[in-house]
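For what it's worth, UniProt numbering labels the leading residue of the sequence shown as 1, then goes sequentially.
We treat Cβ as the ideally placed atom computed from N, Cα and C, and that holds for glycine.
Keep in mind that this is a model prediction, so the values were computed, not measured.
As structure tokens, the structure follows; a few thoughts come after it.
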Amino acid sequence: MPKPPTRKKAEAPPEASVEHDVDSGFWTQFNQTPAKPRERVDMALKLRGKPGKWLHDSLLARGMEGISSYSTVHRYLTGAVDNPPISFWEESASVLGFRTGWIILGEGEPTDEGEQRRLRMRKKERDDAIDDAISSEFPYLNELRGL
Numbered sequence: 001m002p003k004p005p006t007r008k009k010a011e012a013p014p015e016a017s018v019e020h021d022v023d024s025g026f027w028t029q030f031n032q033t034p035a036k037p038r039e040r041v042d043m044a045l046k047l048r049g050k051p052g053k054w055l056h057d058s059l060l061a062r063g064m065e066g067i068s069s070y071s072t073v074h075r076y077l078t079g080a081v082d083n084p085p086i087s088f089w090e091e092s093a094s095v096l097g098f099r100t101g102w103i104i105l106g107e108g109e110p111t112d113e114g115e116q117r118r119l120r121m122r123k124k125e126r127d128d129a130i131d132d133a134i135s136s137e138f139p140y141l142n143e144l145r146g147l
């Protein structure tokens, strides 16, 4: 009797490739920032190699109130609760070592170190552009400078 055909196991979808370290200052330039805070926390957990249970335990250790069970955190992270308290996102950012502004709003780089690097690079680019413009002796620059 012939063997029944074997089914191939469905492969898990590949994770989005992440270019550049979150502290590089280039992260948002090369990676898509997730749209929702819960998606950003989920990404932060994956980047840190931590499960949601770890986040729950860490928040409890910090004395955060209102998350007595892991199911509460799970509901926040899965979107079962429409608007988790802002303190949940703030504390999650702190525990994970990510910027609160990135977790809540998706703005800037994910980490403080990355944001500082990005700002330093932008300042250098701006300063270099100003220096180049001045050295090219564009006549309108004196008008802009009020000279």
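Can you give me the Cβ contacts of residue i inside the same chain, cut-off strictly under 6 Å, excluding the 5 residues immediately before and after it?
{"i": "Ala44", "result": "Leu96, Phe98"}
Return the Cβ separation of residue i and residue j in integer angstroms, given the expectation that the two are a contact with Cβ distance under 8 Å.
{"i": "Leu59", "j": "Glu91", "result": "6 Å"}
{"i": "Arg118", "j": "Glu125", "result": "That belief does not hold up - the Cβ atoms of Arg118 and Glu125 are roughly 11 Å apart, past 8 Å."}
{"i": "Gly63", "j": "Pro85", "result": "Gly63 to Pro85, Cβ: 15 Å. No contact."}
Hey, residue i and residue j: beta-carbon distance below 8 Å or not?
{"i": "Gly106", "j": "Thr33", "result": "yes"}
{"i": "Val73", "j": "Gly49", "result": "no"}
{"i": "Gly101", "j": "Trp27", "result": "no"}
{"i": "Arg40", "j": "Leu77", "result": "no"}
Among the residues of its own chain, which have a CB less than 7 Å from the CB of residue i, if the five just before and after it don't count?
{"i": "Thr111", "result": "Val22, Asp23, Gly97, Phe98, Arg99"}
{"i": "Arg75", "result": "Val81"}
{"i": "Gly25", "result": "Glu109, Gly114, Arg117, Arg118, Met121"}
{"i": "Ala93", "result": "Arg99, Thr100, Ile103"}
Let's test the definition: count the other Cβ atoms within 10 Å of the Cβ of residue i and tell me whether it reaches 16, buried, or not, exposed.
{"i": "Ala35", "result": "exposed"}
{"i": "Met121", "result": "exposed"}
{"i": "Phe30", "result": "exposed"}
For residue i, collect the residues of the same chain with a Cβ closer than 8 Å to its Cβ; drop the 5 residues on either side in sequence, then sort them by chain order.
{"i": "Tyr70", "result": "Gly52, Lys53, His56"}
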